[in-house]
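A.B. asks:
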Amino acid sequence: MAGLSALAFGAGVDSLAGSLASPQKSGIRIAYSSITWGGNDAKAIEELANLGYHGIQLRANTFGPYRAKPSELKALLDQYKLTLAMFSSGNVEIDPAKEQSTIDMHVAHASFVKALGGTAIQLTNSARPKDRMPTTEELKRLAAVMNEIGKQTAAMGIQAAYHNHMNQLGETPEEVDVIVQAMNPKYIKLLLDIAHYKQGGGEPEKAVKQYKDILYALHLKDTMSPLPDKPDNPKAYKFVELGRGNVNVPAVFQALKDIKFNGWGIIELDGVPERDKTAAQCAAINKEYITKTLNHPI
1 MAGLSALAFG AGVDSLAGSL ASPQKSGIRI AYSSITWGGN DAKAIEELAN LGYHGIQLRA
61 NTFGPYRAKP SELKALLDQY KLTLAMFSSG NVEIDPAKEQ STIDMHVAHA SFVKALGGTA
121 IQLTNSARPK DRMPTTEELK RLAAVMNEIG KQTAAMGIQA AYHNHMNQLG ETPEEVDVIV
181 QAMNPKYIKL LLDIAHYKQG GGEPEKAVKQ YKDILYALHL KDTMSPLPDK PDNPKAYKFV
241 ELGRGNVNVP AVFQALKDIK FNGWGIIELD GVPERDKTAA QCAAINKEYI TKTLNHPI
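Just so you know, the sequence shown maps onto residues 1 to 298 in full-length UniProt numbering.
(1) Using 8 Å as the threshold, is the stretch 168 to 186 in touch with the stretch 137 to 144, meaning 3 or more CB pairs across them?
(2) From residue 138 to residue 233, what distance separates their C-alpha atoms?
(3) Name, in chain order, the residues that DSSP records as bridge partners for residue 124.
(4) Just verifying my parser: in three-state terms, what is the DSSP assignment at residue 183?
(5) Have a look at residue 370 and residue 262 and give me their C-alpha separation to the nearest angstrom.
(6) Using a Cβ-Cβ distance under 8 Å, would residue 289 count as near chain D?
(7) Apart from the five residues just before and just after residue 23, which ones in its own chain have a Cβ nearer than 7 Å to its Cβ?
(8) Give a yes or no on whether the C-beta atoms belonging to residue 120 and residue 216 are separated by under 8 Å.
(9) Judging by CA-CA distance, which residue of 28, 27, 55 is the nearest neighbour of residue 283?
(10) From which residue to which residue does the alpha helix (DSSP H) around residue 79 run?
(11) Could you tell me which of 221, 209, 231, 154 sits nearest to residue 244, measuring between CA atoms?
(12) So who's on the other strand from residue 239, going by DSSP bridges?
(13) Which residues in the same chain have their Cβ closer than 7 Å to the Cβ of residue 61, if we skip the five residues on either side of it in sequence?
(14) In angstroms with no decimal places, state the Cα-to-Cα distance between residue 90 and residue 158.
(15) Is there contact between the stretch 250 to 268 and the stretch 28 to 35, where contact requires at least three CB pairs shorter than 8 Å?
(16) Compute the distance between the beta-carbons of residue 260 and residue 27, then report whether it is under 8 Å.
(17) Quick one: is residue 126 buried, meaning 16 or more other Cβ sit within 10 Å of its Cβ, or exposed?
(18) What's the C-alpha gap between residue 277 and residue 198?
(19) Let me check understanding here. Comparing Cα to Cα, which of 227, 272, 160, 156 lies closest to residue 86?
(20) Measure the C-alpha to C-alpha separation of residue 69 and residue 106 and round it to an integer number of angstroms.
(21) Identify which residue in 112, 51, 49, 96 has its Cα closest to the Cα of residue 74.
(22) Do residue 123 and residue 163 have their beta-carbon atoms positioned less than 8 Å apart in this structure?
(23) In whole angstroms, give me the CA-to-CA distance for residue 297 and residue 291.
(24) Could you tell me how far apart the beta carbons of residue 36 and residue 240 are, in whole angstroms, since I believe they sit closer than 8 Å?
(25) Which stretch, first to last residue, makes up the beta strand (DSSP E) that contains residue 57?
(26) Ignore the nearest five residues each way along the sequence and tell me which others in residue 226's own chain have a CB closer than 7 Å to its CB.
(27) Tell me, please, which residues DSSP counts as bridged to residue 163.
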């Protein structure tokens, strides 16, 4: 029976992928995150451009070396014809004693992004409590601080977007919903990470439709669980290239088509899933899945 169920699921995915086999006019644009290159952003920019990508997500590690000379980084992006689709701005602290410093940091990052020609920053959140579930008050507190960050960055023409994340506040779909409901849509939008959402117990294709009015961008990756070398550990997982894990990626793209989504889908891998791969090889594998399996341009 389990085998039949697996076959049925696979057939459903294949069928759905087939329904996406004709070129789509959905507004999703594909970008790629530089995080896989481990801080070598110049190499990430060059290799992603050579693979045919047109958008990139950079991280806050670029702020230090380029803060006083953003024109140099912008020139590099322009040279390789890459749009700054998103900027990882870092965590939002909910400790009242750290509120002003966390706001100031993200506003400074937003100013940097504006100088680079970008339009959006990504906000992750405070570390998850180690010995308990986060409280509703903590989740709403996160939203409140993000609302203030978003209000200030909006005045600069920069959109702030909340990124759901494992091992942080907003790990489960229920927690994400509390945060999103407390977000002011005038100032904060949602960056839905489909693999983190799936690993947290949700179905990202449903979240796409549930949050269609506040959805700004997505992180596209897959999650593998259980792991081949840890089959009896239900909590063990790793993020992998699209099509290798448990996320129903074709269903996500179908949902995006259904809501007529017009924004960035940013492929992201925190690191290479296997040691014998390079970041560029992973990017090529993801490109193959997007362009061949889903028949969507990058």
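We treat Cβ as the ideally placed atom computed from N, Cα and C, and that holds for glycine.
Everything numeric in this text was worked out from a predicted model, so none of it was measured.
C.D. replies: On the basis of the coordinates in this document:
(1) yes
(2) 29 Å
(3) 91
(4) coil
(5) This structure cannot settle anything about residue 370, because the visible part of the chain is limited to 1 through 298.
(6) Absence of chain D from the displayed structure is noted, only one protein chain being present.
(7) Note that residue 23 scores a pLDDT of 38, beneath 50, so its modelled location is shaky and nothing firm can be said.
(8) yes
(9) 55
(10) 70 to 79
(11) 221
(12) 223
(13) 39
(14) 15 Å
(15) yes
(16) yes
(17) buried
(18) 24 Å
(19) 160
(20) 18 Å
(21) 112
(22) yes
(23) 6 Å
(24) The Cβ separation is near 12 Å, so there is no contact.
(25) 55 to 59
(26) 233, 234, 236
(27) 191
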